[in-house]
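Numbering (the numbering used here), first residue to last: 675 to 993. Each residue gets a CB set at the ideal place from its N, CA and C atoms; glycine is no exception. Source: prediction; values computed, not measured. Input: a single structure, listed below in structure tokens.
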Ligand code: NCD
């Protein structure tokens, strides 16, 4: 493993399987009456959140606490960032407090890379979502969830060779889609991105994926389908005619869900716009693994923190 986890592309196939297998072992901790391991006792994990978040922030916090780390939660609102303090000065302050890991979410793509490359912290930097760029731990928890459903025996030790994953919707603004495309490719899956032409990023032809504008034609072969949130807060123009039109062409409803193969699962990273990219019926159906993704997220983040900060050796130092 590299010292930092900045991009899903930082992980080799072996690294990714190691994280997923470690997470599979750690998942058991959540089922115990006392959900705690002493592994990171005496280590400090700083959660640095410059952008709103519910599940990712509490997931990292739960993960660090279950490994007995000391956790410092920092959110930009109510801190000196609202007085104009820079990322550098904030990071140096945290460094002075001795962070072994810095988990960072930032509205600027590249902020975690800057933090790691500039040496503003000695700790391992974990990207928890940067702008529209990447969200590698989300991709890991998605891969974990797919593996546990789609590979024989729950998939321990396995990759996702030959599985077809369809990712649908606002790819343009989605760091989840980019990280998933990279990681799923590393794990041997075939990825199809389905979106209106206006919501596919420039340069998507260089990604290791196929693209389509037609959701209906990609349903029958999908082993897993991931619906993306329409990210209104990042839209400064109108990318589709109306919400109704969007749902009609790119939303997952029961009729479409019934055309998926029997074993296929439905994912969504959350937060959902129920009724837009996914209907409430589908979100709450037996095919949906959306709540399971959240549970698995804690185990995957425990695995990442353990492998980057804990006892495991970093054979390959560097960013
Ligand atoms: C995603 C994010 O923040 O990138 N959510 C998450 O981490 N659970 C996706 C989104 O906001 O739509």
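Please state whether the Cβ-Cβ distance between residue 727 and residue 779 is less than 8 Å.
Here residue 727 refers to the residue found at position 53 of the chain shown. Here residue 779 refers to the residue found at position 105 of the chain shown. When the beta-carbon positions are compared, residue 727 and residue 779 come within less than 8 Å of each other.
According to DSSP, simplified to helix, strand and coil, what is residue 798?
Numbered from 1 along the chain shown, position 124 holds the residue referred to as residue 798. Here DSSP, grouped into helix, strand and coil, assigns residue 798 to strand.
Use the C-beta contact count for residue 965: other C-beta atoms within 10 angstroms, 16 or more gives buried, fewer gives exposed.
Along the chain shown, one-based indexing puts residue 965 at 291. Exposed, because fewer than 16 other Cβ atoms sit within 10 Å of the Cβ of residue 965.
Any heavy atom of the ligand NCD closer than 7 Å to the Cβ of residue 730?
Here residue 730 refers to the residue found at position 56 when the chain shown is read from its first residue. The ligand NCD approaches residue 730 closely enough that one of its heavy atoms is under 7 Å from the residue's Cβ.
Whole angstroms are fine: how far does the CA of residue 792 sit from the CA of residue 698?
In the chain shown, residue 698 corresponds to position 24, counting from 1. In the chain shown, residue 792 corresponds to position 118, counting from 1. C-alpha separation (whole angstroms): 34 Å.
Extent of the continuous alpha helix (DSSP H) run through residue 970:
Translated into positions along the chain shown, residue 970 becomes position 296. It spans 964-983 - the alpha helix (DSSP H) in which residue 970 sits, taken as one unbroken run.
Reducing DSSP to helix, strand and coil, say where residue 748 ends up.
The count along the chain shown starts at 1 and reaches residue 748 at position 74. Correct three-state label for residue 748: strand.
Within a Cβ cutoff of 7 Å, which residues of the same chain sit near residue 710, ignoring the five residues on either side of it in sequence?
The residue labelled residue 710 in the question sits at position 36 within the chain shown. Within the same chain, and ignoring the five residues on either side of residue 710 in sequence, the residues whose Cβ sits closer than 7 Å to its Cβ are 740 and 742.
Which of helix, strand or coil DSSP assigns to residue 733
Locating residue 733 in the chain shown gives position 59, counting from the first residue. Under the three-state reduction of DSSP, residue 733 is assigned to helix.
Just the C-alpha distance for residue 686 and residue 912, rounded to the nearest angstrom, thanks.
On the chain shown, position 12 is the one that residue 686 refers to. On the chain shown, position 238 is the one that residue 912 refers to. The straight-line gap from Cα to Cα measures roughly 38 Å.
Could you have a look at residue 685 and say whether DSSP puts it in helix, strand or coil?
Within the chain shown, the letter at position 11 stands for residue 685. Coil, per DSSP.
Just verifying my parser: in three-state terms, what is the DSSP assignment at residue 859?
Position 185 of the chain shown, counted from the first residue, corresponds to residue 859. In the structure shown, residue 859 sits in a helix (DSSP, three-state: H, G or I).
Per the contact definition of three or more C-beta pairs closer than 8 Å, is the segment 839-849 in contact with the segment 701-718?
Result no; under three Cβ-Cβ pairs closer than 8 Å.
Beta carbon of residue 941, beta carbon of residue 844: below 8 Å?
The sequence position of residue 941 within the chain shown is 267, counting from 1. The sequence position of residue 844 within the chain shown is 170, counting from 1. The answer is no: Cβ separation not under 8 Å.
Per DSSP, which residues does residue 723 bridge with? Please list them.
The count along the chain shown starts at 1 and reaches residue 723 at position 49. Bridge partners of residue 723 according to DSSP: 749 and 779.
When DSSP builds the beta bridges, which residues end up paired with residue 1070?
Outside the displayed range of the chain (675 to 993) lies residue 1070, so it cannot be described from this structure.
Beta carbon of residue 862: closer than 7 Å to some heavy atom of the ligand NCD?
By 1-based counting over the chain shown, the position of residue 862 is 188. Look at residue 862: its beta carbon is at least 7 Å from all of the heavy atoms in the ligand NCD.
Check residue 675 in the structure and name its three-state DSSP category.
Looking up residue 675 in the chain shown gives position 1. Taken through DSSP and simplified to helix, strand or coil, residue 675 comes out as coil.
Give me the Cα-Cα distance between residue 717 and residue 893, rounded to the nearest whole angstrom.
The residue labelled residue 717 in the question sits at position 43 within the chain shown. The residue labelled residue 893 in the question sits at position 219 within the chain shown. Taking the straight line joining both Cα atoms gives about 46 Å.
Helix, strand or coil, according to DSSP, for residue 804 in the structure here?
Position 130 of the chain shown, counting from 1, holds the residue named residue 804. Strand, per DSSP.
Looking only at DSSP bridge pairs, what is residue 819 linked to?
Stepping through the chain shown from its first residue, residue 819 is reached at position 145. DSSP output for residue 819 lists no bridge partner at all.
Comparing C-alpha positions only, which one of 882, 853, 696 and 900 sits nearest to residue 979?
Locating residue 979 in the chain shown gives position 305, where the first residue counts as 1. Out of 882, 853, 696 and 900, 696 has the C-alpha closest to the C-alpha of residue 979.
Check whether the Cβ atoms of residue 679 and residue 801 sit closer than 8 Å, and answer yes or no.
Reading the chain shown from its first residue, position 5 is the one you call residue 679. Reading the chain shown from its first residue, position 127 is the one you call residue 801. Yes, these two residues count as a Cβ contact at 8 Å.
Three or more C-beta pairs below 8 Å linking the segment 869-887 and the segment 811-825:
At 8 Å Cβ cutoff, the stretches do not touch.
In chain order, what residues of the same chain lie with their CB nearer than 6 Å to the CB of residue 807, ignoring the 5 residues before and after it?
The count along the chain shown starts at 1 and reaches residue 807 at position 133. Once the five neighbours on either side are set aside, the close Cβ partners of residue 807 are 783 and 849.
For residue 902 and residue 910, I'd like the C-alpha separation in whole angstroms.
As a first step, residue 902 must be located in the chain shown, where it is residue number 228. As a first step, residue 910 must be located in the chain shown, where it is residue number 236. Residue 902 and residue 910: Cα-Cα distance of roughly 18 Å.
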